[in-house]
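Colleague: Residue numbers (the numbering used here): 13 to 690. The C-beta atom is built at its ideal place from N, Cα and C for all residues, glycine as well. Got a structure for you, written out below as structure tokens; questions coming shortly.
Set out below in structure tokens:
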């Protein structure tokens, strides 16, 4: 390969020579290369100059493989003027010598690479190729683990161990724990590029935080070079997990929850356990200074106040643990109170009212009765509340008659203590004017769980129910149930029935339940609207906004048009048309909360006539299908087809689509009507 610099230098040198004579001996430059190299390293290259002819000057142009970078050169070698080249020029005093340079092998290099170069001596007619070695074979080594240590190779959870690794190069790394079958236990670390990750800790748990069974677990360390794609995997190290030795769990209950002086209180520590699977071998209680050493016993407090109750348990390995609670002992029992809640609703509503108790103490049976106005309410069901539901096996009986509810229950030997919900009564609202109310009058008798049961005086608190008026205004569709045909359209008006305090504006959304059956294709507003906006049809849902800036709609107006929707039938079927009122205000700026009534769109299909591929169409969108042959226009052939298939049409098509004289049947006058339209 020719080199302009060498050629220029040689021309200059040749110009200085008066005459060029052939030399008996040959001057040479010989390259010395290592036969192999590793990617990402540097290698040294030597060029040996052998002057045999007595030449006094020469030039050398050495070329390294593409992508390799010359890092240094001896004896003034120039490697910056032209990338990938090292050049030496000697203008006088040529002698045998050795030139050296260092070249960097790319990190991603792999395979055999060729060095090239030329030289020219005084007296040579043309440059020559540098002799000696020409190729280097570059091998790529996979990454390695330079360091790899585990602090503890045996742990007892929650004891931890630390895993510290360092790779020989940047890798995508994963450090994970696997069981003896190679299943993933816990992935401790993952990275897309790292050389020396921070040490990773494992505490003998799965990924979800639960402790692993005892056994031997493999540490799987892997890394894929981000440069070469080669990988290293090391599964040589393991961690032994020994079973943990947990202390026992001390747990106890006492009943009743709110004892009084002189009342028997039962303590029970049978819920204590050893999480290691062992046994509880010892119990030691301190009940306000009194010691017990059995798991279950009874104790009576003689004085009121907060009483310390402590428990220590011992397992079969000698480990201990403690638990303590404070028991609030009252002097006397507070009077329990049974109450029934209050509610409100409109005629036709269903409401739930709770029967609650407060300050209950050792109650094991009750009789509850409640009365109400049967002209307003009708009780339909009684369900157990949370206090009754939480008992193991309560016996409940109830009767419902117009105007009265009677409930009896027995919980013995379990007791009701404290506050909570006893029952939930379901009422239907059957009558009453707006603001009319019914008192919910409740009475109750209670008995303790003592043997024999003791009567408990119970206080009561009545409730009430108030009738709310229904919505003063209603938004509905006119007609409520519309009908159209496939490919045809129909219009539906959106109407507000009344506005006692006027109407300043509204924001509402109309939607269809099935877009495949019908679609809203246009929206128009009434004349009273001064400002309006709507979303863009066609769509299965559109929103409409409008405002009355000049009081066109007055107080007390009725049947106010809110807009007109044009709806196209796309497929046979019935879909709902619904309206949601986002906002509506009267002339005073107060919100109107109207009721809404949904409607329906019934789309009827027509089918092709016999021997026709296309179904009839309605070219002028008047609801009549004049285009019987389905060619998209009204022509004389349509009249012929009507005459030919008149009986078939009457039996197979929707009559209203072809009843051109609107007399409710298919007859010859319909043909005359169609002929008149051609």
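Between the stretch 188-198 and the stretch 223-230, do three or more beta carbon pairs fall short of 8 Å?
Modeller: yes
Colleague: Whole-angstrom Cβ separation of residue 175 and residue 187, contact assumed at under 8 Å?
Modeller: Position 163 of the chain shown holds residue 175. Position 175 of the chain shown holds residue 187. Yes, they are in contact, since the Cβ atoms of residue 175 and residue 187 sit about 6 Å apart, within 8 Å.
Colleague: What is the rounded straight-line gap between the Cα of residue 71 and the Cα of residue 40?
Modeller: In the chain shown, counting from the first residue as 1, residue 71 sits at position 59. In the chain shown, counting from the first residue as 1, residue 40 sits at position 28. Each residue's Cα considered, the two are about 11 Å apart.
Colleague: What's the gap between the Cα of residue 180 and the Cα of residue 158?
Modeller: Counting from 1 along the chain shown, the entry for residue 180 is found at position 168. Counting from 1 along the chain shown, the entry for residue 158 is found at position 146. Answer to the nearest angstrom: the Cα atoms are 6 Å apart.
Colleague: So, at 7 Å on beta carbons, what are the nonlocal neighbours of residue 433 in its own chain, with the 5 sequence-adjacent residues on each side left out?
Modeller: In the chain shown, counting from the first residue as 1, residue 433 sits at position 421. 366, 368, 397, 398 and 399, listed in sequence order.
Colleague: Residue 440 by DSSP, collapsed to three states: which one?
Modeller: In the chain shown, counting from the first residue as 1, residue 440 sits at position 428. Strand at residue 440.
Colleague: Per DSSP, what kind of secondary structure is residue 135 in: helix, strand or coil?
Modeller: The sequence position of residue 135 within the chain shown is 123, counting from 1. If DSSP states are grouped into helix, strand and coil, residue 135 belongs with coil.
Colleague: Note down the Cα distance separating residue 765 from residue 339, rounded to an integer number of angstroms.
Modeller: Residue 765 lies beyond the stretch modelled for the chain, which goes from 13 to 690, so this question has no answer here.
Colleague: Please state the DSSP three-state secondary structure of residue 142.
Modeller: For the purposes of this step, residue 142 is taken as residue 130 along the chain shown, with counting starting at 1. DSSP places residue 142 in coil when its eight states are reduced to three.
Colleague: Note the first and the last residue of the continuous alpha helix (DSSP H) segment covering residue 398.
Modeller: Indexing the chain shown from 1 puts residue 398 at position 386. Boundaries of the alpha helix (DSSP H) around residue 398: 398-401.
Colleague: Report the three-state DSSP secondary structure of residue 91 (helix, strand or coil).
Modeller: For the purposes of this step, residue 91 is identified with residue 79 of the chain shown, where counting begins at 1. In this structure, residue 91 counts as coil in the three-state DSSP scheme.
Colleague: Count the CB pairs spanning the stretch 560-577 and the stretch 497-514 that are closer than 8 Å, and state whether there are at least three.
Modeller: yes
Colleague: In whole angstroms, what is the alpha-carbon distance linking residue 450 and residue 562?
Modeller: Indexing the chain shown from 1 puts residue 450 at position 438. Indexing the chain shown from 1 puts residue 562 at position 550. A direct Cα-to-Cα measurement between residue 450 and residue 562 gives close to 45 Å.
Colleague: Starting from residue 603, follow its DSSP beta bridges and name the residues at the other end.
Modeller: Translated into the one-based positions of the chain shown, residue 603 becomes position 591. Answer by DSSP bridge pairing, in chain order: 597.
Colleague: Could you pull the DSSP bridge partners for residue 410 from this structure?
Modeller: The sequence position of residue 410 within the chain shown is 398, counting from 1. In the DSSP output, where bridge partners are listed per residue, residue 410 has 419.
Colleague: Nearest by alpha-carbon distance to residue 347: which of 326, 582, 373 and 355 is it?
Modeller: Here the question's residue 347 lines up with position 335 in the chain shown. For residue 347, the closest C-alpha among the options 326, 582, 373 and 355 is that of 373.
Colleague: Output needed for residue 182: all residues of its chain with C-beta closer than 6 Å, excluding positions within five of it in sequence on either side, in chain order.
Modeller: Position 170 of the chain shown, counted from the first residue, corresponds to residue 182. The residues are 205, 207 and 238.
Colleague: Mapping the DSSP letters down to three states, classify residue 116 as helix, strand or coil.
Modeller: One-based indexing of the chain shown puts residue 116 at position 104. Here residue 116 sits in strand by DSSP.
Colleague: Looking at the secondary structure, which residues open and close the beta strand (DSSP E) in which residue 149 lies?
Modeller: Taking the first residue of the chain shown as 1, we reach residue 149 at position 137. First-last of the beta strand (DSSP E) with residue 149: 147-151.
Colleague: Run through the stretch 275-351 for me and flag every whole beta strand (DSSP E) of 3 or more residues, listed as ranges in chain order.
Modeller: 276-280, 292-299, 302-304, 308-312, 317-327 and 332-341
Colleague: Should residue 37 and residue 134 be called a contact, given that it needs their Cβ atoms to be closer than 7 Å?
Modeller: Position 25 of the chain shown, counted from the start, is the residue given in the question as residue 37. Position 122 of the chain shown, counted from the start, is the residue given in the question as residue 134. No, the pair does not count as a contact, with Cβ atoms beyond the cut-off.
Colleague: Give the single residue among 245, 117, 487 and 617 whose Cα lies nearest to the Cα of residue 178.
Modeller: Mapped onto the chain shown, residue 178 falls at position 166. When each option's Cα is compared against that of residue 178, the closest is 245.
Colleague: For residue 477, write down the residues that DSSP places opposite it in a beta bridge.
Modeller: By one-based count along the chain shown, residue 477 stands at place 465. For residue 477, which the question treats as bridged, DSSP gives the partners 355 and 450.
Colleague: How far does the beta strand (DSSP E) with residue 71 in it extend, from its first residue to its last?
Modeller: Within the chain shown, the letter at position 59 stands for residue 71. Taken as a continuous stretch (DSSP letters only), the beta strand (DSSP E) holding residue 71 covers 70-75.
Colleague: Alpha carbon to alpha carbon, how far is residue 151 from residue 114? Give it in angstroms, no decimals.
Modeller: Residue numbering aside, residue 114 sits at position 102 when the chain shown is read from its first letter. Residue numbering aside, residue 151 sits at position 139 when the chain shown is read from its first letter. About 18 Å.
Colleague: Do the CB positions of residue 283 and residue 269 come within less than 7 Å of each other?
Modeller: On the chain shown, residue 283 is found 271 positions in, with the first residue counted as 1. On the chain shown, residue 269 is found 257 positions in, with the first residue counted as 1. Cβ distance not < 7 Å, so residue 283 and residue 269 don't count as in contact.
Colleague: Nearest-angstrom Cα distance between residue 34 and residue 130?
Modeller: The residue labelled residue 34 in the question sits at position 22 within the chain shown. The residue labelled residue 130 in the question sits at position 118 within the chain shown. Since pLDDT at residue 34 reaches only 42, below the 50 mark, its modelled position is unreliable, and no value is offered.
Colleague: Residue 242: which of 248, 356 and 234 sits nearest, CA to CA?
Modeller: Against the chain shown, residue 242 aligns to sequence position 230. For the residues 248, 356 and 234, the minimum Cα distance to residue 242 belongs to 234.
Colleague: What are the boundary residues of the beta strand (DSSP E) that includes residue 611?
Modeller: In the chain shown, residue 611 corresponds to position 599, counting from 1. Segment 611-616, the beta strand (DSSP E) holding residue 611.
Colleague: Is residue 500 near residue 635, with beta carbons less than 7 Å apart?
Modeller: In the chain shown, residue 500 corresponds to position 488, counting from 1. In the chain shown, residue 635 corresponds to position 623, counting from 1. Yes, they are a contact pair.
Colleague: Would you tell me roughly how many angstroms separate the C-alpha atoms of residue 568 and residue 640, rounded to the nearest one?
Modeller: Position 556 of the chain shown holds residue 568. Position 628 of the chain shown holds residue 640. Distance between the alpha carbons of residue 568 and residue 640 is about 50 Å.
Colleague: Can you tell me which of the three DSSP states residue 190 falls into?
Modeller: Taking the chain shown and counting its residues from 1, one reaches residue 190 at position 178. Correct three-state label for residue 190: strand.
Colleague: What would DSSP say about residue 661, mapped onto helix, strand or coil?
Modeller: As a position in the chain shown, residue 661 is number 649, starting the count at 1. Residue 661 falls in the helix class under three-state DSSP.
Colleague: Hey, would you say residue 435 sits closer than 7 Å to residue 391, going by beta carbons?
Modeller: Numbered from 1 along the chain shown, position 423 holds the residue referred to as residue 435. Numbered from 1 along the chain shown, position 379 holds the residue referred to as residue 391. No, Cβ-Cβ distance for residue 435 and residue 391 is not below 7 Å.
Colleague: If you count every other CB in all the chains shown that lies within 10 Å of the CB of residue 287, and 16 or more means buried, which is it?
Modeller: If you number the chain shown from 1, residue 287 lands on position 275. Exposed, since its Cβ has fewer than 16 Cβ neighbours within 10 Å.
Colleague: Per DSSP, what kind of secondary structure is residue 33 in: helix, strand or coil?
Modeller: Position 21 of the chain shown holds residue 33. In this predicted model, residue 33 has a pLDDT of only 38, less than 50, meaning its place in the structure is not dependable enough to derive any value.
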